[in-house]
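Heads up, the thing below is written out as structure tokens.
Number of protein chains: 2
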Amino acid sequence: MAESLMILAPAAGIAGLLFALYLARSVLKYDEGTDEMKRIAEAIREGASAYLARQYKGVAIFFAIMFVVLLALAIAGYLVFFVPVAFLTGGFFSGLAGYIGMNMATRASSRTARAAQSSLNQGLRVAFSSGAVMGLVVVSLGLLHLGVWYYILNWYYQALEPAARISNITSAMLTFGMGASSMALFARVGGGIFTKAADVGSDLVGKVEAGIPEDDPRNAGVIADNVGDNVGDVAGMGADLFESYVGSIVATAALAVSAGFGVPGVATPMVLAAVGILAAIVGTFFVRSGEQAEQSALLGALRRGVYTASIIIAVAAFFLVRSFLGSENMGIYWSILAGLVAGNVIGLTTEYYTSSSYGPTRALAKTALTGPATVIIGGLSVGMLSTALPVVIVGAVVLLSFFLSGGATNYDLGLYGVGISAVGMLSTLGITLATDAYGPVADNAGGIAEMSHLDPEVRKRTDALDALGNTTAATGKGFAIGSAALTALSLIAAYRDQLVSIAQKSGMKLVLDFSVLNPKLLVGLFLGGMLPFVFCALTMSAVGRAAQSIVEEVRRQFREIKGLMEGLARPDYARCVDICTRAAQREMVAPALLAIIVPLLVGFLLNVEAVAGLLTGATVTGFVLAVMMANSGGAWDNAKKYIEEGNYGGKRSDPHKAAVVGDTVGDPFKDTSGPSLNILIKLLSMVSVVFASFLLQNALMK
Amino acid sequence: MAESLMILAPAAGIAGLLFALYLARSVLKYDEGTDEMKRIAEAIREGASAYLARQYKGVAIFFAIMFVVLLALAIAGYLVFFVPVAFLTGGFFSGLAGYIGMNMATRASSRTARAAQSSLNQGLRVAFSSGAVMGLVVVSLGLLHLGVWYYILNWYYQALEPAARISNITSAMLTFGMGASSMALFARVGGGIFTKAADVGSDLVGKVEAGIPEDDPRNAGVIADNVGDNVGDVAGMGADLFESYVGSIVATAALAVSAGFGVPGVATPMVLAAVGILAAIVGTFFVRSGEQAEQSALLGALRRGVYTASIIIAVAAFFLVRSFLGSENMGIYWSILAGLVAGNVIGLTTEYYTSSSYGPTRALAKTALTGPATVIIGGLSVGMLSTALPVVIVGAVVLLSFFLSGGATNYDLGLYGVGISAVGMLSTLGITLATDAYGPVADNAGGIAEMSHLDPEVRKRTDALDALGNTTAATGKGFAIGSAALTALSLIAAYRDQLVSIAQKSGMKLVLDFSVLNPKLLVGLFLGGMLPFVFCALTMSAVGRAAQSIVEEVRRQFREIKGLMEGLARPDYARCVDICTRAAQREMVAPALLAIIVPLLVGFLLNVEAVAGLLTGATVTGFVLAVMMANSGGAWDNAKKYIEEGNYGGKRSDPHKAAVVGDTVGDPFKDTSGPSLNILIKLLSMVSVVFASFLLQNALMK
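Listed in order, the protein sequences are those of chains C and X.
If you read the first sequence in the working numbering, its first letter stands for residue 1, the second for the next number, and so on.
If you read the second sequence in the working numbering, its first letter stands for residue 1001, the second for the next number, and so on.
Quick look at the structure:
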């Protein structure tokens, strides 16, 4: 039964894509507004496409090199031949998901601005639909890709007996993860550097120095800023969550074999994901409200969609687990549910720490009274303090899913439970991502409204949509961060399984000492604990440097272009786009290489146990740091907005200027370094899994 | 032989104290300057003594409660009766070391200002001598205390056979560590909050808002600022390094038993430390230079003292290891040497990242051109990037000392090697601390010079001394941070030994699974990885809050006291001292309790394996975060100074204001949260060791 229902995976993928196509066409039917609006939207679209084309070209070189390396390993017998190919397709589909999402977003933003002229609800409709396209494309492509490969591999290995067959299939599928993660890391880091360099740079000169509003057309960085939203927050996020989604499924599938589940163990996460896609489609129909709805009603509408999908999944998963894994394994169901609930709860903690409706961000806003230094100290404190609850929640999910699944008596079963809790957490991704991805569209719509001098009421509406997006994005971050930690743990377990299975196949005697008091593993732990810090240093300083170039360029244009400040001349927007593009291309290489090279180096110079330490250390620190950076950034952003609402002196007061400093520091925190960490910790594990065989046989210290 | 030479430990302690007394008397012979200077020095001394008295009173309550708890555990049979007493004496001597150091410093600062009127070298002589008093008192009291206890315990357990005797002795000695660490944490956190609240608060109003110089007598926070230097940077640092010193020795001693060394294994670190004291005394005689020496010559003089002491120790340790542990264990000698060298090398990396003579801090200064936000992003990046080398160095020391000591064939021997590498690193503490502790004295001397309107040349000289102190402090930080990581690792090993030995004694069957894939340990790792972040959040936000109170108070005085700004009226200094005192008292409780309660809670709710995870996770993150915070803070400080030297616009330019924001954020980083982390990670382990027996028998999940 499980094997035949596996067809649901590609089928749901196709259904999701078709529904996304339907949504996309309905968005494109909307009016794009005035010629001015079209012109601006066109400029943003062109900039974004040009950037993405260049980024993909750069990434293609990396993929080509890795392909050759993997091919060489395959020829040397360390890998099966599917691996290099799967690496490519994983990367390709991750990039494709980001590209489609971005393409939709750039077409939807002017239409959202136009629709917001009619009403808030109309604006929401357009923006949300384009977000839903992105959400559905990400999950559908992910699942379709996995489903098709499953059938190809199943056909290829048909001569093998079932156990060996499924083991070979899941090993190969792990490699898609490496392709997807590599692509995602480039997209997040490159896009993140682009968007925040443009954002920080143009804000520093425009808002802080020149005292002109955000998105003012006199600011030369303003188109780059809007391009950045699309290449970073949309394309980068798409590639990122594609990676999370695929990663959680393949990691769980890889653990199915040692858990003793075989094919049903692989089918469970895949069919669960298929159910998730269908539930997301149903959920989108619940996101609607009256024409004159208030902002709070809109939030209710969004949440209704998510909760409907969650309930469908929670019910379906029960029957799914019972029929696939048997009623003796209902603990697996509770693991799924634990993940599903935990994702939401982490989201709530994020909201608590970052929303100006609650104490922490309000207290942070008050620190602005004593200047930027206290704002920075306060924001870092909020972020650091906010790590406690997510860690406790993830810890609880690990223990619950491990022990409820029966880990006390069957260790590998428990690990499978941990793995599938991440799949449960991400099962609603189709719709949660929709509520998340519409934010940048609304943000862009606001920019277009500002630049094309629409009625200020329109800007107010797009701002309301944007603010709503910040709240739903908080939940989205909960899912992304929580699932990253759980998936990374599953991958470490998969890494161990991989080592054991390689040793078995080659008749090698292998005693793995994964104890924290094994000095090599301990050194690995330290190195892993340090890696996320170095990674953040590289990405943040890249943003800082690129932002400085933008500052200098915008200042230069203010100085040299006559009549610019008076609105008589136009700035040279393309120049800033170009500066960001080149900076992002140049600066994304080092941090991405870190993720590939460090595990190989540690494995080669020390041994495979040290790599286990490295992965664990990086997962722990990466998770904590990611939460901290996301929440510090969010709190700064909203503290600034809270002051802009008229508190502590309001806009242009000294406290506001101090809060802007916090917000500016928070930009690379929450949109460049923080979200990239989620990818980093998984990519490290993926690389280690793929190279396990090589490292096992070639490490200097065995 | 080893047993009889153990007498060197208390003997060297007494010798060190006598020499410190001689130095102190020579400092006190110097002239204290004008009546105005005496009056200011008196005010600072009074404030500092009053604070310390209050702090010790608060801490006494904690010690009383813990004493009762430990006594109850002893009565219930979980601990031997020495433990509660040893806990008290450990805390007492740690506090005493801090008190003596502070007392000396407050008496030396006006004398340093007076001496600096004659020449730079005279100023150095006085300041360095008072630093040397502190350095020698810390190591001498530490070693004397351990030595005396050793003889008491040895006498008490004389009826036992040698193996059981030494095992009982080392177990009890570990408990001094817990007392010393608790005291140190309070002193560092409380003193750190005091000093940085005063510093940040008075700078924010004085330098940034009112535009008056640092230490200007019109600023109401200025006395509190100078009091803070004494209670934080002097008394706090003294208690802190006392803890490091004692901790490294007792942790190594605890590992001596399972390494199979018995008494000689305990004698080696203690006699090594005794040699270190004598070497430090010799070293002080090398710190002198010509009367008209330049700053660089002074740095040479300081380094000559340290290197002389290092060479003496390196030579003596060779013969010591050979005669105590036999020529078959010369690997232990190389471990000592690895530690000694590594401390210096970490110090060099600190200097590289934080001195304005090198690229990173210069590049950071340049970010000030684009405002405070880029300064913050830049400084965080420098700090994060700077974690790489110290982690690699500590990793190398762990592997070198483990394998050179013979860990490949005898695991426990390797761990002993790791432990003694920390003792080697700290063996020069008597003199390195002297070169470190004179900095705050020079800083205070500058404040007194400013407040009593001495010739600007004097202030320039004390600034030069202070700058020199920053360089030597960088090295000092290398030793403190590096040794903390190594000692914490030894303590985790000691924790495991303790569990095994308890189980053996009580006939319990114990299978410890310290694998990173043990879910309970893994959850512990996550919790441990998060703990330093929460700890920093608490301490930093405490500084932020207290600084805000100071800002408001200083602003109020400027507003309400007529004629203050014109220099016609005096501000109410005592009020600011009082605000800082109360804030520090109130705010130091929560972070300190965290260190005690979390390991107990984790051990009780989960099990002893989860505690091992907690300790490991906290050590990894705590170490990395401590390095980051120290170096970010140092880089910001020196980038600001670099701009003040006239670069990028110099004092009062916009870049300078931006750099001041960085420096202000860096203050709690480098002087409150960062150094406290070193203590935190050890205290967590100490608590776990002391409560191991209780947790082993009472954990909910076994």
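From the three backbone atoms N, C-alpha and C, an ideal C-beta is built for every residue, glycine too.
Please read all numbers here as calculations on a predicted model, not as lab measurements.
If the five residues before and after LEU1073 of chain X are omitted, its C-beta is found closer than 7 Å to the C-beta atoms of LEU1079 and PHE1694, all from its own chain and listed in chain order. Scanning chain C for C-beta atoms nearer than 9 Å to the C-beta of ALA1547 of chain X yields THR370, ALA373, THR374 and ILE377, reported in chain order. Proximity of CYS576 of chain C to chain X, defined by a Cβ-Cβ separation below 8 Å, is not satisfied.
Taking a beta-carbon distance threshold of 8 Å, PRO675 of chain C does not count as an interface residue toward chain X. Rounded to the nearest whole angstrom, the C-alpha separation of SER171 of chain C and ALA259 of chain C is 15 Å.
Contact with chain C is absent for THR1350 of chain X, since none of that chain's Cβ atoms lies less than 8 Å from the residue's Cβ. Less than 8 Å divides the Cβ of GLU1243 of chain X from the Cβ of LYS1682 of chain X. Collapsing the DSSP output to three states places SER1140 of chain X in a helix. The criterion of a C-beta distance shorter than 8 Å is not satisfied by VAL1689 of chain X and LEU1415 of chain X.
SER632 of chain C has no beta-bridge partner at all, per DSSP.
When C-beta distances to chain C are compared with 9 Å, the residues of the region 1500-1521 of chain X below that value are LEU1512, ASP1513, PHE1514, SER1515, VAL1516, LEU1517, ASN1518, PRO1519, LYS1520 and LEU1521, in chain order. Within chain C, the C-beta atoms nearer than 8 Å to that of PHE1402 of chain X come from PRO519, in chain order.
Between the C-alpha atoms of ALA1187 of chain X and LEU1255 of chain X there is a straight-line separation of about 28 Å. Distance from the CA atom of LEU429 of chain C to the CA atom of GLY135 of chain C, rounded to whole angstroms, is 7 Å. Contact note: ALA1612 of chain X reaches chain C through VAL516, using a C-beta cutoff of 7 Å and chain order.
With respect to the C-alpha of ASP671 of chain C, the residue from C:ASP637, C:ILE393 and C:VAL661 having the closest C-alpha is C:ASP637. PRO1591 of chain X is classed as buried because its beta carbon has at least 16 other beta carbons within 10 Å across all chains shown. Under the Cβ distance rule, THR387 of chain C counts among the residues neighbouring chain X, one pair being separated by less than 8 Å. Note: SER1515 of chain X is bridge-paired with C:SER515 in the DSSP secondary-structure output.
Annotated as distal: ALA1253 of chain X and GLY1283 of chain X, with beta-carbon spacing of 8 Å or more. If you draw a straight line from the Cα of GLY1407 of chain X to the Cα of SER1323 of chain X, it is about 21 Å long.
In its chain, beyond the 5 residues on either side, GLY283, THR428, ILE431, THR432 and THR435 have a beta carbon closer than 7 Å to the beta carbon of VAL306 of chain C. With fewer than 16 other Cβ atoms from the protein chains shown falling within 10 Å of its own Cβ, SER1296 of chain X counts as exposed. At the C-beta level, ILE1040 of chain X and MET1451 of chain X come within 8 Å of one another.
Contact between PHE176 of chain C and LEU146 of chain C holds: their C-beta atoms lie close to 7 Å from each other, under 8 Å. About 6 Å separates the beta carbons of GLY131 of chain C and VAL441 of chain C, which is inside the 8 Å limit, making them a contact pair. The beta carbon of SER181 of chain C sits closer than 7 Å to the beta carbons of GLU243, GLY247, ILE679, LYS682, LEU683 and MET686 from its chain, once the five residues preceding and following it are set aside; these are given in chain order. In the three-state scheme derived from DSSP, where H, G and I count as helix and E and B as strand, THR1112 of chain X is classed as helix. In the three-state reduction of the DSSP assignment, ARG570 of chain C falls in the coil class.
Under the Cβ criterion of 8 Å, THR367 of chain C is counted among the residues facing chain X. In this structure, the alpha-carbon of ARG459 of chain C lies about 12 Å from that of ALA467 of chain C. In the DSSP assignment, ALA1224 of chain X falls within the alpha helix (DSSP H) that extends over 1222-1228. For GLY191 of chain C, the enclosing alpha helix (DSSP H) begins and ends at 162-203.
According to the DSSP assignment, PHE63 of chain C belongs to the alpha helix (DSSP H) that extends over 35-75. Buried is the label assigned to ARG461 of chain C, since at least 16 other Cβ atoms lie within 10 Å of its Cβ. TYR1022 of chain X sits exposed, since fewer than 16 C-beta atoms from the chains shown fall within 10 Å of its C-beta.
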